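Heads up, the thing below is written out as structure tokens.
There are 2 protein chains.
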Amino acid sequence: MKRRAGHLKGSLKAAAACALCGAAVLLAGSFSGADVQPESRPRSAWDNPVTSPVVEPDGRVTFALSAPDAGRVELSGQFMQGRRMMTKGTDGVWRLSVEITPADIYPYSFVVDGVEISDPSNPLTFPNERFKASLLVMPSDSALYEPQADVPAGQVRYCTYWSRRMGLVRPLLVYTPPGYDRAAATGADYPVLYLVSGTTDTEETWFKVGRANVIADRLAESGEAARMLIVMPYGYMPAHGTPAPSSAAAAGMYADFAAELTEEIIPYVEQQFRVRSGREWRAVAGFSRGGGQALFSAFSRPDLFSAVGAYAAYLTPEVMEAHFGELLADGHRADSLLRLKWFGIGSDDFLRGGVEENLRWFDSKGVDYELFRTDGGHTWMNARKYLAQTLPLFFPHGGDSLQAAH
Amino acid sequence: MKRRAGHLKGSLKAAAACALCGAAVLLAGSFSGADVQPESRPRSAWDNPVTSPVVEPDGRVTFALSAPDAGRVELSGQFMQGRRMMTKGTDGVWRLSVEITPADIYPYSFVVDGVEISDPSNPLTFPNERFKASLLVMPSDSALYEPQADVPAGQVRYCTYWSRRMGLVRPLLVYTPPGYDRAAATGADYPVLYLVSGTTDTEETWFKVGRANVIADRLAESGEAARMLIVMPYGYMPAHGTPAPSSAAAAGMYADFAAELTEEIIPYVEQQFRVRSGREWRAVAGFSRGGGQALFSAFSRPDLFSAVGAYAAYLTPEVMEAHFGELLADGHRADSLLRLKWFGIGSDDFLRGGVEENLRWFDSKGVDYELFRTDGGHTWMNARKYLAQTLPLFFPHGGDSLQAAH
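In the order they appear, the protein sequences are chains A and B.
Heads up, the first sequence stops at 413 in the numbering used here, and the numbers go up one at a time, no gaps.
Heads up, the second sequence stops at 413 in the numbering used here, and the numbers go up one at a time, no gaps.
So this is what it looks like as structure tokens:
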């Protein structure tokens with residue numbers, strides 16, 4: 008196998024160029040069609056590739072979009088207030104540099120003539136049903152969201168289960184901690200956190216945006232949290248692409264989700280995975296609407312759960328009273344039913360008033376809870392903080408356990 | 008737990024409305040900033056949610072995008088030639104209906120004033136580094152890409168491994184077949200297909216677009232293909248977001264990938280998973296540039312692989328000759344080295360000429376191969392066909408096997 012370096016380089020240079028061109032044809036293969044005037048073909052990300060975002064060591068981030076024919080391009084990002092106009096260069100590329108602190112994972116998008124779009128140059132996208140944002144991941148040695156070479160990494164499994172309730176194949180993500188694959192040999196079983204995302208999020212959002220797996224890896228490695236499974240279901244019950252529910256359908260969404268979780272998802276997980284059974288080994292948490300679903304599920308079935316995390320959760324006192332007023336008539340009983348009732352809320356969160364109203368209702372029932380206040384708004388930056396705060400609290404009595412110890 | 012239906016409905020109706028509004032604030036929370044004029048706020052997917060795409064039973068598909076301020080919106084999709092203008096309604100929503108056959112999974116995008124964007128209403132996106140397309144999944148009882156309730160489903164695991172070669176934490180997807188979790192108990196081990204995607208694709212593309220997991224589930228269930236693991240690495244070696252390589256760097260990409268695959272990925276997989284070792288239990292395949300990487304890897308290390316699938320593969324005879332001319336000087340030896348050398352190419356594929364040129368080189372060496380011709384171009388619709396054709400061929404001698412039988 009002799010190498011002929013000069014010859015090789017030449018031919019591979021051609022290969023690289025052609026492969027790129029080929030990919031362009033793959034995307035825009037339609038241009039060979041007779042009904043397209045070549046001169047009307049806009050230069051796209053393919054014709055004029057840019058790198059975006061580019062993060063400098065000082066925290067300065069430059070965003071770029073090739074859009075020579077657009078009239079107006081703005082940057083929208085959760086690292087700043089308002090939108091900012093980007094500036095068009097003579098190369099047709101719009102650019103803007105922004106100083107961003109603190110290091111975090113921030114959703115952002117470009118707004119092209121009024122349409123919000125993701126960054127074509129960035130492979131990291133925000134899984135959602137209604138918008139397509141991109142993710143700026145700022146490097147940070149201390150951030151819990153960054154995988155570390157010396158921290159053993161768990162896995163996230165994309166599973167499907169058959170929901171008899173819905174008559175549909177349903178998606179489900181399951182994080183398994185490092186060492187899980189040896190569980191069958193060692194006889195270890197694990198506690199389970201069921202973790203729900205928000206309105207229009209998908210089953211992927213806690214993984215791709217929330218980085219629940221990386222945070223769990225880090226906190227287990229440091230000994231702060233138990234090793235556990237994290238199950239991430241699809242919080243919105245209808246199939247992907249189904250129109251938003253009517254008000255009547257939405258009214259049943261909390262109860263629907265609780266039924267799906269307890270009648271379909273938990274049995275599937277406990278049949279497929281090595282998990283500990285018993286309420287002290289199950290927790291449920293969620294962000295935004297998912298927080299409401301977590302509260303509703305936990306209070307509906309305290310025989311199944313011992314802890315609940317409500318991250319900027321939406322659920323009204325009226326719903327609580329209608330469904331759980333009787334159950335919580337005696338606060339002490341509620342405390343014994345659910346060991347941990349944890350609420351997190353940001354100072355600028357538009358749901359802050361609603362959460363505080365809900366907590367006053369808990370106060371009126373004499374029910375204890377933990378409240379964690381952050382700065383900031385209704386963001387996934389805060390959702391990650393809430394998760395990191397609560398992972399050590401769900402199973403303080405330990406993580407994986409030998410089957411023999413049951 | 009008494010239900011008060013009337014009261015409940017009212018309060019939950021408000022909850023649903025507010026949750027939606029809240030999500031809008033989450034996305035566009037910046038609008039409260041003082042530097043934004045409310046009147047300049049475009050109506051977005053949030054203000055005017057649409058459902059798109061909508062597939063009718065007769066195969067008619069309606070695409071829709073809310074873009075009241077855009078000057079020109081076109082539809083681009085691999086189900087048709089050319090772009091087509093969409094029509095703006097009085098509600099600011101651009102729409103177009105298209106008859107689409109056959110049922111398949113088609114990438115498509117909108118082109119807004121010259122910028123290609125994904126469909127904000129569709130959660131199914133095409134993982135890629137350079138463009139953001141959406142996926143139209145047409146329902147079909149016969150298509151291999153559709154999960155079936157009565158077909159046991161495997162799982163796709165998002166893993167990371169530490170590459171000593173690169174000094175980076177690297178992503179890797181691993182499909183495990185149904186029953187894999189019981190392997191430790193039953194002592195079964197599995198053959199492995201290493202499957203590489205194309206230029207600017209990511210490690211997710213064979214999963215999200217190629218549906219390799221669903222196709223493998225279906226073919227294993229019907230008995231046509233062995234149960235196997237499918238390992239999907241990231242074919243482009245630099246980290247996500249790194250600028251496209253210079254020609255000099257690109258020239259080394261085939262050899263770099265082969266080294267990463269054989270020195271890092273295979274050892275990781277064989278340490279982490281229950282797989283059969285020995286070249287007859289390893290195959291490598293890929294699409295486009297990934298097909299070239301598969302050919303290069305297989306011919307570089309025939310001691311590790313017994314079969315290769317080259318799906319519309321890019322690799323020139325010059326590279327083959329420079330690296331493998333000596334090895335293949337005796338065609339019979341090549342045949343004994345690699346049992347299966349499979350090539351697939353579409354009649355309209357822009358790489359067809361290149362593939363045929365490469366095959367003439369194989370002919371000149373007297374090396375046998377299998378050639379599968381399809382209609383169509385350099386598309387993922389064809390990539391799925393090639394995968395379905397080859398899965399039964401990689402391990403005709405069987406799938407999972409009891410450890411004791413080794």
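Ideal placement from N, C-alpha and C gives every residue a C-beta, glycine not left out.
This structure is a prediction, so every number in the text was calculated from the model and none was measured.
For F214 of chain B, the uninterrupted alpha helix (DSSP H) segment begins and ends at 212-215. Using a 10 angstroms sphere on the CB of G299 of chain A, the tally of other CB atoms reaches 16 or more, which defines it as buried.
Taking CB atoms only, A160 of chain B has a neighbour in chain A less than 8 Å away.
With respect to chain B, the C-beta atom of D382 of chain A has no partner C-beta closer than 8 Å.
For W288 of chain A, there is no enclosing beta strand (DSSP E), as DSSP gives it neither H nor E. Three or more Cβ pairs closer than 8 Å define a contact, and the region 76-91 of chain B meets that threshold against the region 112-127 of chain B. Around the Cβ of A329 of chain B, a 10 Å sphere holds 16 or more other Cβ atoms; the residue is buried. When rounded, the separation of the alpha-carbon atoms in V105 of chain B and L151 of chain A is 47 Å. If you check each beta-carbon in the region 275-301 of chain A against every beta-carbon of chain B, the ones closer than 9 Å belong to Q279, F280, R281, S295, R296, G299. Pairing L200 of chain A with G405 of chain A, the inter-Cα distance amounts to about 13 Å.
Beyond the five residues adjoining it in sequence on each side, R225 of chain A comes within less than 8 Å, by CB distance, of L151, Q155, V158 in the same chain, given in chain order. Fewer than three beta-carbon pairs drawn from the region 358-377 of chain B and the region 180-199 of chain B are found closer than 8 Å, and the two stretches are therefore not classed as touching. Apart from sequence neighbours up to five positions away, the residues of its chain that approach S408 of chain A with a beta-carbon distance below 7 Å are A195, D196, R283, ordered along the chain. In this structure, R218 of chain B lies near R391 of chain B, with their beta-carbon atoms less than 8 Å apart. The alpha-carbon of P309 of chain A is positioned some 27 Å away from that of I222 of chain A. R67 of chain B counts as exposed, since fewer than 16 other C-beta atoms from the protein chains shown sit within 10 angstroms of its C-beta. Bounds of the beta strand (DSSP E) holding F379 of chain B are 377-381. In the DSSP assignment, R102 of chain B falls within the beta strand (DSSP E) that extends over 100-106.
With distances taken between CA atoms, F280 of chain A lies nearest to A:Y182 out of A:S371, A:V122, A:Y182. Per DSSP, the continuous beta strand (DSSP E) segment holding K348 of chain B begins and ends at 347-353. Nearest Cα to M87 of chain A within the set A:P114, A:P64, A:T94: A:P114.
For F70 of chain B, DSSP records a beta bridge to B:L103. By DSSP's assignment, A77 of chain A forms no beta bridge with any residue.
A residue is called buried once 16 or more other Cβ atoms fall within 10 Å of its Cβ, and S371 of chain B, having fewer, is exposed.
In this structure, the CA atom of P127 of chain B is about 30 Å from the CA atom of A266 of chain A.
By the Cβ neighbour-count rule, G360 of chain B is exposed, with fewer than 16 other Cβ atoms within 10 Å of its own. Taking the C-beta atoms as reference points, Y261 of chain B is found no nearer than 8 Å to G293 of chain B.
At a beta-carbon threshold of 7 Å, the residues of chain A lying near S125 of chain B are S125, K139, ordered along the chain.
With a cutoff of 8 Å on beta-carbon distance, A233 of chain B and P198 of chain B are scored as near each other. Taking 8 Å as the cut-off, the Cβ atoms of Y165 of chain A and L180 of chain A count as close. Around the Cβ of G96 of chain A, a 10 Å sphere holds fewer than 16 other Cβ atoms; the residue is exposed. Remark: C-beta atoms of F350 of chain A and L378 of chain A approach each other more closely than 8 Å. Of all alpha-carbon atoms in B:Q85, B:P240, B:T209, the one lying nearest the alpha-carbon of S170 of chain B is that of B:P240. Chain A places no beta carbon closer than 8 Å to that of D263 of chain B, leaving this residue out of the contacts. For R281 of chain A, there is no enclosing beta strand (DSSP E), since its DSSP letter is neither H nor E. Only residues of its own chain outside the window of five on either side were considered, and among them Q85, D111, I112, Y113 have a CB closer than 8 Å to the CB of M388 of chain B, listed in chain order.
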